[in-house]
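These protein sequences, in sequence, are chains A and B. Counting from 85, one number per residue, gives the positions in the first sequence under my numbering. Counting from 85, one number per residue, gives the positions in the second sequence under my numbering. C-beta atoms are modelled at their ideal positions from N, C-alpha and C, and glycine is treated no differently.
Number of protein chains: 2
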Amino acid sequence: MLSDAVRPDAGRLIVIGTGPGAPEQMTPQAQAAVAACDLFFGYGPYLDRLALAPHQARIASDNREELARARQALDRAREGHRVCMVSGGDPGVFAMAAAVCEAIDRDPAAYAGVDLEILPGVTAMLAVAARAGAPLGHDFCAISLSDNLKPWSVIVRRLQLAAEAGLVIALYNPISRARPWQLGQAFDTLRAVLPASVPVIFGRAAGRPDEAIRVLALETADPALADMATCVIIGSAETRIVARPGQGDLVYTPRFSAGAGGDTP
Amino acid sequence: MLSDAVRPDAGRLIVIGTGPGAPEQMTPQAQAAVAACDLFFGYGPYLDRLALAPHQARIASDNREELARARQALDRAREGHRVCMVSGGDPGVFAMAAAVCEAIDRDPAAYAGVDLEILPGVTAMLAVAARAGAPLGHDFCAISLSDNLKPWSVIVRRLQLAAEAGLVIALYNPISRARPWQLGQAFDTLRAVLPASVPVIFGRAAGRPDEAIRVLALETADPALADMATCVIIGSAETRIVARPGQGDLVYTPRFSAGAGGDTP
Chain A
85 MLSDAVRPDA
95 GRLIVIGTGP
105 GAPEQMTPQA
115 QAAVAACDLF
125 FGYGPYLDRL
135 ALAPHQARIA
145 SDNREELARA
155 RQALDRAREG
165 HRVCMVSGGD
175 PGVFAMAAAV
185 CEAIDRDPAA
195 YAGVDLEILP
205 GVTAMLAVAA
215 RAGAPLGHDF
225 CAISLSDNLK
235 PWSVIVRRLQ
245 LAAEAGLVIA
255 LYNPISRARP
265 WQLGQAFDTL
275 RAVLPASVPV
285 IFGRAAGRPD
295 EAIRVLALET
305 ADPALADMAT
315 CVIIGSAETR
325 IVARPGQGDL
335 VYTPRFSAGA
345 GGDTP
Chain B
85 MLSDAVRPDA
95 GRLIVIGTGP
105 GAPEQMTPQA
115 QAAVAACDLF
125 FGYGPYLDRL
135 ALAPHQARIA
145 SDNREELARA
155 RQALDRAREG
165 HRVCMVSGGD
175 PGVFAMAAAV
185 CEAIDRDPAA
195 YAGVDLEILP
205 GVTAMLAVAA
215 RAGAPLGHDF
225 CAISLSDNLK
235 PWSVIVRRLQ
245 LAAEAGLVIA
255 LYNPISRARP
265 WQLGQAFDTL
275 RAVLPASVPV
285 IFGRAAGRPD
295 EAIRVLALET
305 ADPALADMAT
315 CVIIGSAETR
325 IVARPGQGDL
335 VYTPRFSAGA
345 GGDTP
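Laid out in structure tokens, this is it:
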């Protein structure tokens with residue numbers, strides 16, 4: 085657990101998440117952290133979401149250099165700066181908090197004097213789910229489809245087991261220019277386990293002006309509907325679609341599962 | 085997907101999450117929704133987190149009457165009220181958004197005129213993870229341990245498959261007076277699959293004044309450390325603990341998995 089006590093002689097690193105992108109979905113706690121810091125590290129498009137003052141410096145870096153970025157931020161904190169590491173969504177979900185922990189793990193003595201605070205945020209799957217209805221209303225999992233950080237065979241096995249377990253599946257990092265075929269293979273893997281009618285939600289830029297939410301059945305789900313800004317949610321066999329004329333469909337997973345009635349009448 | 089267009093003749097139901105409990109972790113979007121509504125439904129302790137004005141009425145109900153509460157809220161919205169349904173954390177994760185969708189699903193014609201909006205929030209596992217380090221930094225799942233809503237055999241099977249898949253596991257509703265033995269059985273189930281040293285985080289009231297975060301190895305994890313306000317996170321075989329003298333340990337799950345190096349040096 086992290087300590088609330090700030091040692092006056094130590095630098096500080098605060099790791100925040102901006103939420104899905106709309107300013108009104110970023111917590112006041114994260115906004116206060118932004119106001120209190122002087123150096124900002126992160127992927128450029130996430131830093132662009134902050135309204136920084138002239139005295140606040142930004143060091144943008146590519147999304148694939150997470151460990152190097154974590155070390156740079158820790159180094160500046162060690163020098164006494166108040167440093168903010170900026171993730172999109174929640175910093176603990178496929179984002180910078182793990183990279184910062186890893187950098188400390190590799191050299192704990194070097195960073196012993198840095199006070200670390202991690203502040204949670206609204207992660208993409210929650211924002212997409214809210215716009216679609218309640219697809220994550222029952223047991224679910226979050227899996228990154230990037231095989232830069234784990235073997236593809238591990239990902240396929242996880243998808244199979246998650247579907248067999250009846251978990252709704254939220255896919256992060258579904259596709260990129262360097263990883264064009266993985267999402268199609270993931271759908272094929274899931275089609276072998278799940279009913280063809282299971283709803284698949286393509287949630288792009290949820291809560292932002294360029295938002296696009298599409299719902300298709302698994303049998304017709306098309307990987308071309310996803311891009312790097314998309315979170316894909318694949319229902320379980322129990323996920324349902326409610327047609328609401330004039331308002332767009334609701335997709336939800338019931339709170340109860342076969343064999344238990346709960347508070348049904 | 086939900087429509088942004090509010091029909092002027094319709095009532096409105098906004099489903100919000102307060103976040104983990106601290107006011108500074110509730111999004112400005114949810115706070116604006118509170119200011120715009122006149123009737124508030126929810127579990128009493130969650131309604132207590134809101135600073136309501138004298139003209140704003142609250143209808144508190146027991147946590148086990150979710151479907152009835154959803155119908156009441158929809159009925160009042162249909163009458164033209166601006167109704168707010170209040171969940172703790174995120175409303176889409178084991179909370180009221182699914183109950184509202186279910187109520188509409190059971191009688192879509194009755195509620196066709198109600199404008200529904202669901203706003204995401206910071207769910208408990210993200211708040212606990214941030215206080216512990218980054219245990220959800222790699223693939224993970226969220227499972228409710230309540231067998232009120234599904235058979236216990238389904239839960240046990242899900243735990244086994246999730247652990248075999250290498251997913252970190254966040255347990256919601258781990259224990260209650262009516263469900264005293266389930267968490268102990270869940271630990272036993274996981275001990276048969278996972279290494280004895282896997283870290284288990286008991287995260288109680290994360291971000292609130294009465295916060296308590298405890299970390300134990302799976303072999304010594306004691307169900308008595310959990311109560312209804314606790315989210316339990318069980319690591320995978322890859323989850324690590326970094327000792328930070330004077331600051332409390334960091335628990336994190338590395339971004340990369342065995343067999344893939346990522347951007348390691």
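Amino acids of chain B, ordered along the chain, whose beta-carbon sits closer than 8 Å to that of residue i
i: A/Y127; result: Near A/Y127 there are no residues of chain B at all, since even the closest Cβ is about 14 Å away, more than 8 Å.
i: A/P329; result: A196
Per-residue burial, residue i [other beta carbons within 10 Å of its own, 16 or more giving buried]
i: B/G173; result: buried
i: B/P338; result: buried
i: B/E163; result: exposed
i: A/H222; result: buried
i: A/M312; result: exposed
i: B/G330; result: exposed
i: B/E150; result: buried
i: A/D146; result: exposed
i: A/T304; result: exposed
i: B/R261; result: exposed
i: B/R189; result: Inspection of the sequence shows that residue 189 of chain B is occupied by Asp rather than by Arg. That one is buried.
i: A/P104; result: buried
i: A/G128; result: exposed
i: B/S87; result: With a pLDDT of 47 at B/S87, under the threshold of 50, the modelled position of that residue is not reliable, and the figure given next carries that caveat. So B/S87 ends up on the exposed side.
Proximity test, Cβ basis, 8 Å: residue i and chain A
i: B/Q113; result: yes
i: B/G221; result: yes
i: B/A246; result: yes
i: B/G105; result: no
i: B/R324; result: yes
i: B/F286; result: no
i: B/C121; result: no
i: B/S341; result: yes
i: B/A412; result: With chain B represented from 85 up to 349, any question about residue 412 of chain B goes unanswered, as that position is not in the structure.
i: B/T102; result: no
i: B/V351; result: One cannot answer for residue 351 of chain B here, as it falls past the ends of chain B, which runs 85 to 349.
i: B/G217; result: yes
i: B/V63; result: Here chain B has residues from 85 to 349 only, and residue 63 of chain B is not among them.
Listed by chain order, chain B residues near residue i by CB distance under 9 Å
i: A/T304; result: Correct list: empty, because the minimum Cβ distance to chain B is about 17 Å.
i: A/Q156; result: Here the premise fails: no neighbours, minimum Cβ distance about 13 Å.
Minimum Cβ-Cβ distance from residue i to chain B less than 8 Å
i: A/A289; result: no
i: A/I98; result: no
i: A/P338; result: yes
i: A/Q266; result: no
i: A/P192; result: yes
i: A/A308; result: no
i: A/V316; result: no
i: A/F271; result: no
i: A/S87; result: For A/S87, the pLDDT reaches just 47, beneath the cut-off of 50, and the residue's location in the model is therefore unreliable, although a value from the coordinates is still provided. Taking Cβ atoms only, chain B reaches closer than 8 Å to A/S87, which makes this a yes.
i: A/P204; result: yes
i: A/G346; result: In this prediction, A/G346 scores a pLDDT of 41, lower than 50, which makes its location untrustworthy; the coordinate-derived value is nonetheless stated afterwards. With 8 Å as the cut-off, A/G346 counts as an interface residue toward chain B.
i: A/L300; result: no
i: A/T213; result: Position check: residue 213 of chain A holds Ala in this sequence, whereas Thr was assumed. Yes - at least one Cβ of chain B is within 8 Å of the one on A/A213.
i: A/A276; result: no
Per-residue contacts from residue i into chain A (C-beta, under 8 Å)
i: B/T207; result: L210
i: B/L134; result: Within chain A, no residue comes near B/L134; the closest Cβ sits about 15 Å away, beyond 8 Å.
i: B/G250; result: V238 and R242
i: B/G164; result: Here the premise fails: no neighbours, minimum Cβ distance about 17 Å.
i: B/V282; result: What B/V282 touches in chain A: nothing, since even the nearest Cβ is about 17 Å away.
Beta-carbon neighbours of residue i, restricted to chain A and to distances below 9 Å
i: B/D146; result: Under the 9 Å cutoff, chain A gives no residues; its nearest Cβ is about 10 Å from B/D146.
Partner residues on chain B for residue i, Cβ-Cβ distance less than 7 Å
i: A/L334; result: C185 and I188
i: A/I227; result: D223
i: A/D174; result: L210
i: A/V167; result: The premise fails here: A/V167 is roughly 16 Å from chain B at the closest Cβ pair, so nothing lies under 7 Å.
Neighbour flag for residue i against chain D, beta carbons, 8 Å
i: A/Q140; result: Among the protein chains of the structure shown, namely A and B, there is no chain D.
Exercise for the section: Write down every uninterrupted run of the beta strand (DSSP E) in the region 119 to 146 of chain A whose length is 3 residues or greater and which is fully enclosed by it, in chain order. Expected result: Every beta strand (DSSP E) stretch that sits fully inside the region 119 to 146 of chain A and reaches 3 residues is listed by chain position as 123 to 127 and 141 to 145.
Handout entry: Interfacial residues, the region 234 to 245 of chain B to chain A, with Cβ spacing under 8 Å
Key = Flagged, chain order: K234, P235, V238, R241, R242 and L245.
Practice task
Would you list, in sequence order, the uninterrupted alpha helix (DSSP H) runs of no fewer than 4 residues that lie entirely inside the region 200 to 242 of chain A?
Solution key: 208 to 216
Problem - Sequence ranges, beta strand (DSSP E) only - wholly within the region 286 to 333 of chain B, length at least 3 - result: 296 to 301, 314 to 318 and 324 to 326
Problem - Entirely enclosed alpha helix (DSSP H) segments - the region 170 to 205 of chain A, minimum 4 residues - result: 180 to 190
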